[in-house]
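Numbering-wise (the numbering used here), the sequence shown opens with residue 2 and increments by one.
Where is the CB? At the ideal position from N, CA and C, for every residue including glycine.
Quantities reported herein were computed from a predicted structural model and do not represent experimental measurements.
Some notes on the structure that comes next.
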Amino acid sequence: RRPRPLATGPGGCPEARFLSGEAAAEFRRAVDALTPRCRTLVAALLSGRDLTYREIAGTLGISQGSVGPERSRCLGCLRRMLATEVGAPGPGGMER
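See below:
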């Protein structure tokens, strides 16, 4: 008898579901480690409400022109934390 593959269903294969669950948990831990202002900004960006920079600025109590640089700084911090967490490859594909 030939082995039958596991039923994957709408969520993909079991391995992908496990990995996506692990990735989501790592992401939540990284967001929790951000400063309160960065956590608020990331929450606004991921809220699904498609907030404008003006609305985000009002939430954070900063000028609209400061949202872009603040966003860049916060996402950079998040990116560095996640790269450290998962051992992202560096230039040339070498693991860091």
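{"Asked": "Rounded Cβ spacing between Ile-63 and Glu-71 (contact assumed at less than 8 Å)", "Found": "7 Å"}
{"Asked": "Closest residue to Gly-69 among Ser-48, Cys-39, Leu-83 and Glu-23 (Cα-Cα distance)", "Found": "Cys-39"}
{"Asked": "Span separating the alpha-carbon of Thr-41 from that of Ser-21", "Found": "23 Å"}
{"Asked": "C-alpha gap between Gln-65 and Ala-24, whole angstroms", "Found": "32 Å"}
{"Asked": "Three-state secondary structure (DSSP) of Ser-48", "Found": "coil"}
{"Asked": "Ser-21 - DSSP class collapsed to helix/strand/coil", "Found": "helix"}
{"Asked": "Residue range of the unbroken alpha helix (DSSP H) whose run includes Leu-61", "Found": "54-61"}
{"Asked": "Within 9 Å, strictly: CB atoms of Leu-52 and Leu-79", "Found": "no"}
{"Asked": "Nonlocal neighbours in the same chain, by C-beta distance under 6 Å from Arg-74, ignoring five residues either side", "Found": "none"}
{"Asked": "9 Å Cβ cutoff met for Val-43 and Leu-76", "Found": "yes"}
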